[in-house]
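>
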Amino acid sequence: MNFDLSDEQKMLGEQARALLADLSPFDRLRGLIDSGAEWDEPLWRALAEMGFLGAAIPEDHGGLGLGALDLGVIMEALGGANAAVPFMSSIILGAEAIRLAGSEAQKAAWLPKLASGDAIATFAYAEGPGSAFATGATLDGGQLSGSKLPVADGGIADIAVVLVAGGGFALVELNQPGVTRTRLDGFDQLRPHYRLDFADAAAEAMPGAGKLDRLIDQAAVQAAFEAVGAAEACLHMARDYAMDRQIFGRPLGGFQAIKHKLADIAVATELARSNAYYGGWAAESSPDDLPAAAAAARLSGIKCFEMAARENLQVHGGIGYTFEANCHFYYRRERLLAVHLGNRGFWADRLLNAQPGAQGKAA
Amino acid sequence: MDFNDSAEEAAFRAEARAWLAAHAPAHELPVGAKMPDTEEADRGRAWMRELYAGGWSGLTFPKELGGRGASGIEAVIFAEEEGKYPLPKGPFTSIGTGMALPVIAKHGTAEQKARFIEATLKGDITWCQLFSEPAAGSDLAGLRTKASRADDGSGDWIVNGQKVWSSWAHLTDWGILVVRTDPTVPKHKGLTFFVVDMKTPGIETRPIRQISGASEFNETFLTDVRIPDANRLGAEGEGWACCMTVLMGERLGSGAHRSGIEPLLDYAAATSDGHGGTMLDDRAVRLQFADALADEQGERFFQARLRTMVSRGENPGALAGMVKLAYAGRYQRTNGLALELRGLSGIAPDMDDTATGDVQYDYIYSTVMRIAGGADEVLRNQIAERVLGLPGEMRMDKDVPFEALKG
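So the sequence lines, in the order shown, correspond to chains A and B.
For what it's worth, the numbering used here labels the leading residue of the first sequence as 1, then goes sequentially.
For what it's worth, the numbering used here labels the leading residue of the second sequence as 364, then goes sequentially.
#1: Taking C-beta pairs closer than 9 Å, name the residues in chain A that B:Leu688 reaches, listed in chain order.
#2: What does DSSP give as the partner residues of A:Phe198 in its beta bridges?
#3: What is the C-beta distance between B:Ile746 and A:Ala263, in whole angstroms, given that I count them as a contact (C-beta under 8 Å)?
#4: Between B:Pro425 and the rest of its own chain, which residues show a CB-CB distance below 8 Å, the 5 nearest in sequence each way excluded?
#5: Is it true that the stretch 296–311 of chain A meets the stretch 332–339 of chain A, where meeting means three or more beta-carbon pairs spaced less than 8 Å apart?
#6: List the whole-angstrom C-beta distance separating A:Leu69 from A:Gly280, where the pair is believed to meet the contact cut-off of C-beta under 8 Å.
#7: Compare the Cα-Cα distances from B:Asp587 to each of B:Leu596, B:Ile566 and B:Trp603 and report the closest residue.
#8: For the putative contact between A:Ala205 and A:Ala157, defined by C-beta atoms under 8 Å, what is the C-beta separation to the nearest angstrom?
#9: Do you know offhand how far A:Trp44's Cα is from B:Ala604's?
#10: Tell me the residue span of the beta strand (DSSP E) that contains B:Ser511.
#11: Identify the contact partners of A:Pro251 in chain B, using a Cβ-Cβ distance below 9 Å as the criterion.
#12: Considering only the beta carbon of each residue, do B:Gly623 and B:Asp725 sit closer than 8 Å?
#13: I want to verify the contact list: residues of chain B whose CB lies under 9 Å from the CB of A:Ser274, in sequence order.
#14: Looking at A:Arg344: is its Cβ nearer than 8 Å to the Cβ of A:Ala224?
#15: Flag B:Asp368 as yes if its beta-carbon sits less than 8 Å from any beta-carbon of chain A, otherwise no.
#16: Which residues of chain B have a Cβ atom closer than 8 Å to the Cβ of A:Tyr277, listed in chain order?
#17: List the residues that DSSP assigns as beta-bridge partners of B:Gly524.
#18: What number of angstroms, rounded off, separates the C-alpha of A:Phe346 from the C-alpha of A:His340?
#19: Name the two residues that bound the continuous alpha helix (DSSP H) containing B:Glu567.
#20: Taking 8 Å as the CB-CB cut-off, is A:Leu139 touching chain B?
#21: Does any CB atom of chain A fall closer than 8 Å to the CB of B:Glu740?
#22: Quick one: is B:Asp515 buried, meaning 16 or more other Cβ sit within 10 Å of its Cβ, or exposed?
#23: Thinking C-beta only, is B:Ile488 closer than 8 Å to B:Gly461?
#24: Check each residue of the stretch 669–683 of chain B: if its Cβ is closer than 7 Å to any Cβ of chain A, include it; give the result in chain order.
#25: Out of A:Gln246, A:Ser90 and A:Gly142, state which residue places its alpha-carbon closest to the alpha-carbon of A:Gly200.
#26: For the structure I just gave you, are there three or more beta carbon pairs, one from the stretch 73–92 of chain A and one from the stretch 14–23 of chain A, closer than 8 Å?
#27: Can you find the residues in the same chain that come closer than 6 Å, C-beta to C-beta, to A:Ala119, ignoring five residues on each side of it along the sequence?
#28: Is A:Ala209 closer than 8 Å to A:Gly168 when the C-beta atoms are compared?
#29: Would you grab the beta carbon distance between A:Ala276 and A:Gly67 for me? Rounded to a whole angstrom, and I think it's under 8 Å.
#30: So is B:His638 buried or exposed if we call it buried at 16+ other beta carbons inside 10 Å?
#31: Does A:Glu270 have its Cβ less than 8 Å from a Cβ in chain B?
#32: What did DSSP end up calling A:Arg239 once you bin it into helix, strand or coil?
#33: According to DSSP, B:Glu496 sits in a beta bridge with which residue or residues?
#34: Taking the alpha helix (DSSP H) that B:Trp382 belongs to, which residues open and close that run?
#35: Taking 7 Å as the cut-off, is the C-beta of B:Val588 nearer than that to any heavy atom in the ligand NAD?
#36: Report, in whole angstroms, the separation of the C-beta atoms of A:Leu351 and B:Ala657, which I expect to be a contact under 8 Å.
This is the structure in structure tokens:
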């Protein structure tokens, strides 16, 4: 048995972390928020130059043709830095939707640009409260109608893959008169969300049918890697603060109330990491195992990051409530990661439905 | 990343599998049979003899001492293959191989090694552990059973005190024993380690009536028990180092887990909720199941990661405690849910219900899993200190002579 990342994957993760430490420190995040920026464009360029954007895009479409685990170590690093880039929207969801469901022409038109960072994609699936994956929008004779909201990175995206009536995907260019984009007041200040209104916008059907499940299972695994990276960043931030902070004559981290809390987060994070590894392995090597593996990874990712984001701020005490401390980036991002791609209940159903003989009515 | 054995591991597995296929079936326990514990222990000895004859006893124990000298991963593989047979294994065999042998090999004299090692590997000597006391569990070094030299010039030690949670002490031949020989120094420094023949006069073993109704644990009273100095392991005052050798073995061994989720899912899916659906339609129930399944899968693949470390010759250390901490709590939650789903029938099942009794037992037993082999709180401290690097506990007693401590 060799249930570990390869040396190459570990090196890839190291490179990503080093780049992010250099280009995306917390003061940079604060500056982006203060300036009302949509995203960290220089960082995106740097990620493109390193080949990270095209890591899992096939080689004949300008990528490196690597797998889910390679992508996972990059996502883990991005989660750790709380980076303000549309990697989930453009690469994990947009590019992958085109690879899974797009025509050869659509792949040829967009995958090389997504790999190079010259174009940005997003995946528009929600339509307000209610079902996470809503199909009220319609594609009829090449014309897209309806509204999608909230859509992550909808302000900077060049194209959107839109989930439409019937469960298929439409590919729509967003820079056209039939598309109205409205920035929403977003909870995560480093990942803007938009309302997209389509009024007979020109759009193409994507020929691949029934690809939603595969797309979101794969994305759930990557979301788990992102959550694990973020949870570990919170854990280390809390640990470092607790070691440094003196209270009642000794380090805060010497109190069992703190030690046990952080130990529990460490356990939850390692279980989630293990599930993310298994999900990545299943995505690459065992598609039949992917639905259960992805749902478990998704759920344990949500769980560990929820604990870590909340308790990191708590360990910091009052300083954690200030904009100058760094807890809030993760505290906000955590809620986004908990609800995007379907929330805990949605993935609990998927996990149960993947168990033999355990399908319930609630699904 | 793959789940396959390496070529060497596959060869080892094939050899183990072939040997087990030829020798294990004759030792299998009859399914569902309740047998007297004396018979279980005798069958355990017979299986130990078989293992020794086949060269499989003391797998990771050095060859020159009579073991197989196998690697850590080979021990894991053998345990996986051996685990496919319902064999008579238990504390009556594992305390000897997992605890007594390592401490004798590391701290024993040549004479002690010659006397105990081969006999233990063969199952001729079985062992119990006389460590915990009513007031010394997680804080083992606070133990009070005392030993002092006999005043007849023989050099023998006279031991008085009480030990507890000594599994199978009533049926095993020898015990590993830690006692206080010097109360005038701080607690860790005044301990000495012995092996003791359980037939020595003055040793009285009483079964403990447990909350499960079973009595596999004992309390052991030692009253003027005379132990020759030849049965002292390590130097006087070095008992704590011996204990550490034993307890490191215990931690690496605590990795097994039982799931129990699948049968419960089947039960919920097959049981009416009284509203035209099944128990599995309940949202709160679904969330609890999903949480348990995700945790269980995480534990399984975390163990796969630790197993990978072992196969590289690395020591997972305190990471191994994470698995135990996670599964013990989950086991309690899952069995608690199993009783809850049965409603009042979980408390008093109908006469023809044979399954609920096991769930009740498992719910009771889950409390032991959270306490024995490193209590939840001890494991959290270890993880915080050894994995995260947080400060150790403040120990008010570490420089105080034991006799000056309160309590």
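We put the beta carbon where it would ideally sit given N, CA and C, even for glycine.
Small disclaimer: the values here were computed from a predicted structure and weren't measured.
In short:
#1: Below the 9 Å Cβ cutoff, chain A contributes Ala263, Asp264 and Val267 as neighbours of B:Leu688, in chain order.
#2: A:Gly146 and A:Val179
#3: Your pair B:Ile746 and A:Ala263 checks out as a contact, with CB atoms roughly 4 Å apart and the cut at 8 Å.
#4: Gly432 and Ala468
#5: yes
#6: 4 Å
#7: B:Ile566
#8: Contact flag wrong, Cβ pair sits at about 19 Å.
#9: 55 Å
#10: Lys509 to Arg512
#11: Leu753 and Pro754
#12: yes
#13: Gln660, Gly661, Glu662, Arg663, Phe664, Phe665, Gln666, Ala667 and Arg668
#14: No, the Cβ-Cβ distance between A:Arg344 and A:Ala224 is not below 8 Å.
#15: yes
#16: Met364, Phe664 and Arg668
#17: When DSSP reads this structure, B:Gly524 sits in a beta bridge with B:Leu585.
#18: 11 Å
#19: Premise fails: B:Glu567 lies in the beta strand (DSSP E), Ile566 to Pro570, not in any alpha helix (DSSP H).
#20: no
#21: yes
#22: exposed
#23: no
#24: Arg670, Thr671 and Ser674
#25: The question names Gly, but residue 200 of chain A in the sequence shown is Asp. Closest by alpha carbon: A:Gly142.
#26: Taking 8 Å as the limit for Cβ pairs, the verdict is that the stretch 14–23 of chain A does touch the stretch 73–92 of chain A.
#27: Lys113 and Asp158
#28: yes
#29: Between A:Ala276 and A:Gly67 the beta-carbon gap is near 13 Å, outside 8 Å, which marks them as no contact.
#30: Result: exposed.
#31: yes
#32: helix
#33: Paired residues: B:Ala499.
#34: Looking at the DSSP string, the run of the alpha helix (DSSP H) that includes B:Trp382 is Ala370 to His386.
#35: Because no ligand of any kind appears in the structure shown, any question about the ligand NAD cannot be addressed here.
#36: 7 Å
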